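These notes concern the structure reproduced below.
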Amino acid sequence: MSNTAASSPNNLDAFWMPFTANRQFKSNPRMLVSAKGMFYKNAEGQSILDGTAGLWCCNAGHGDPRVVNAVSQQIAEMDYAPAFQMGHPKIFELAARVTGMFPSGLDHMFFTNSGSESVDTALKIALAYHRARGDGARTRLIGRERGYHGTGFGGISVGGIVANRRTFGTMLTGVDHLPHTHLPEKNAFSRGQPEHGAELADELERLVTLHDASTIAAVIVEPVAGSTGVILPPKGYLERLRAICDKHGILLIFDEVITGFGRLGAPFATDYFGVKPDLVTLAKGLTSGTIPMGGVVCSKGIYDAFMTGPENMIELFHGYTYSGHPVAAAAALATLDCYKDDGLFERANEIAPYWEDAVHSLKDVPHVIDLRNLGLIGAIELEPIPGKPTARAFEAFLKCYEKGLMIRTTGDIIALSPPLIVEKSHIDQIFDTLRTVLKEVA
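Residues in the sequence shown are numbered from 0 upward in steps of one, following numbering that gives the first Met the number 0.
Right, dumping it as structure tokens:
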């Protein structure tokens, strides 16, 4: 007997929603039915200003006709092609274009389908690299407290968000963590990079002493920690981390799933901070959220270490059915055209000071205990309601939605990351709405 109730278009029970209070949502759904430019439209016909670029991903805005046409044409021409022992032209073009955006030396790209897969891929490449060069004792991975690196077992092992880890038992073994760089007692209400905390990078030296450098394969950090509530690197922190990794032969991985493709007003965080890692994880803005796609950019030295032995042998036993998917490649190429032709990275850099002033205009608004910004990222940290953590921010989320604004909350922090096409009028609307809402919440 068929489950006719489950097949009903109005039945919400079948879909187990990710990172969602399912029961709360299904009692009062928030349904988005279309999107264009800076706005979603919900099922009631209300326009919702996108203050978060979807989930940090729709950097070029919604529904750009150049991307729509590219995807449509590619599906009609060739919907799928295997990437194992076969290829198609667009994925090679895309790899060349993306690596061409990086500093010299970051020359090769491996394709995945998400940020989570990119992280697990980067960790596996790091481990395999050391084995390939006869240094197989380097098996330890170092993440950071409050870090978010997706939801694969590798990502949650090196990640440091408690709620993402505690339910799932034993993680990968041989993992340790650096302290996070959130120092509100010294850096509250900083504009841009905070002044204090570069010395926290020196904790890597302590871990080297504890474990011995000969056992450590890689360190992975987000240049700007996004999903945990926008934690910024103190001035000089990333530079010190790079120097310590160089000193001890440890690979440095930047997780740029959020910071990549213009979020900081530069192509990548490695450009913005002037610090070059050995591996970079990408996703989200690669296709502006249109088609799932991710990747790992790596140095020539890492790639070359695998290119030994007989030429007919597979060098890396890793990959995915949809690695380098032709439709995703078409979407990504069109997205890169949007970024370049419309000067969106430069535009983000130009409007960043206006964004910064808008973020910090909330300093004297009720419940606000810290404000943080960099590029087109902002965070409003709220004082928690005693005994009810996350409740105040979630109430603000619901009220903002009612007033036509989509924000993102994590704990009692409101995170903002609008599409790079944002206008000053949109910024005004975002912060006028937040100012009103924060005066209304309990």
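C-beta atoms are modelled at their ideal positions from N, C-alpha and C, and glycine is treated no differently.
Quick caveat, the model's predicted, so the values are computed rather than measured.
Here Leu93 has Ala328, Ala331 and Leu332 as same chain residues with Cβ atoms under 7 Å from its own Cβ, once five neighbours each way along the sequence are excluded. Ala268 and Gly259 have their C-alpha atoms some 7 Å from each other. Contact between Arg143 and Leu177 holds: CB atoms are separated by about 4 Å, below the 8 Å threshold. Arg205 counts as exposed, since fewer than 16 other beta carbons sit within 10 angstroms of its beta carbon. Boundaries of the alpha helix (DSSP H) harbouring Glu76: Pro64 to Glu76, taken from the DSSP string.
Cα atoms of Gly196 and Tyr236: separation of roughly 7 Å, rounded to the nearest angstrom. Rounded to whole angstroms, the gap between the alpha carbons of Arg29 and Arg130 is 49 Å. In the assembly as shown, Asn10 is an exposed residue. Its beta-carbon has fewer than 16 other beta-carbons within 10 Å.
Every beta strand (DSSP E) stretch that sits fully inside the region 238-307 and reaches 3 residues is listed by chain position as 250-254, 278-281 and 293-298. Taking one beta carbon from each stretch, the region 250-264 and the region 51-61 have 3 or more pairs nearer than 8 Å; the two touch.
Only exposed fits Gln72, as fewer than 16 other CB atoms lie within 10 angstroms of its CB. Beta-bridge analysis with DSSP links Arg371 to Ala378.
Ranked by Cα distance from Ala378, the options Phe188, Ile243 and Gly294 are led by Phe188. Around the beta carbon of Thr19, fewer than 16 other beta carbons lie within 10 angstroms, which makes this residue exposed. A straight-line Cα-Cα distance of about 43 Å links Thr320 and Ser424. Residue range Leu105 to Thr111 is occupied by the beta strand (DSSP E) that includes His107.
Burial state of Trp354 is buried, judged by a 10 Å Cβ sphere holding 16 or more other Cβ atoms.
Its chain contains Val364 and Pro365 as the residues whose beta carbon lies nearer than 8 Å to that of Lys438, once the 5 sequence neighbours on both sides are disregarded; these appear in chain order.
Burial state of Glu380 is buried, judged by a 10 Å Cβ sphere holding 16 or more other Cβ atoms. Ile350 has its alpha-carbon roughly 25 Å from the corresponding atom of Phe396. Here Arg137 really is in contact with Thr214; their C-beta atoms are around 6 Å apart, less than 8 Å.
Distance from the Cα of Ser226 is smallest, within the candidate group Leu54, Gly308 and Ser287, for Leu54. In its chain, beyond the 5 residues on either side, His195 have a beta carbon closer than 6 Å to the beta carbon of Lys185.
Glu198 and Glu116 have their C-alpha atoms spaced approximately 31 Å apart. For His425, the enclosing alpha helix (DSSP H) starts and ends at Lys423 to Glu439.
At a Cβ-Cβ threshold of 8 Å, Glu314 and Val279 do not count as neighbours.
Residue pairing of Asn41 in beta bridges, as defined by DSSP: Leu31. DSSP, read as helix, strand or coil, puts Val157 in helix.
The three-state reading of DSSP puts Leu415 in strand, counting E and B together.
The residue among Leu203, Gly149 and Ala121 with its C-alpha nearest the C-alpha of Asp175 is Leu203. Among the bridge pairs identified by DSSP, Val218 is matched with Ile141 and Leu251. Inter-residue distance for Ile155 and Thr408 is about 20 Å (C-alpha atoms, whole angstroms). Looking at the DSSP output, Ala224 sits in a beta bridge with Ile230.
Comparing alpha carbon positions, the residue from Gly135, Gly173 and Thr120 closest to His148 is Thr120. Here His324 carries a coil assignment [DSSP, helix/strand/coil]. Of the residues assessed, Lys362 falls on the exposed side of the cut-off, its CB having fewer than 16 other CB atoms within 10 angstroms.
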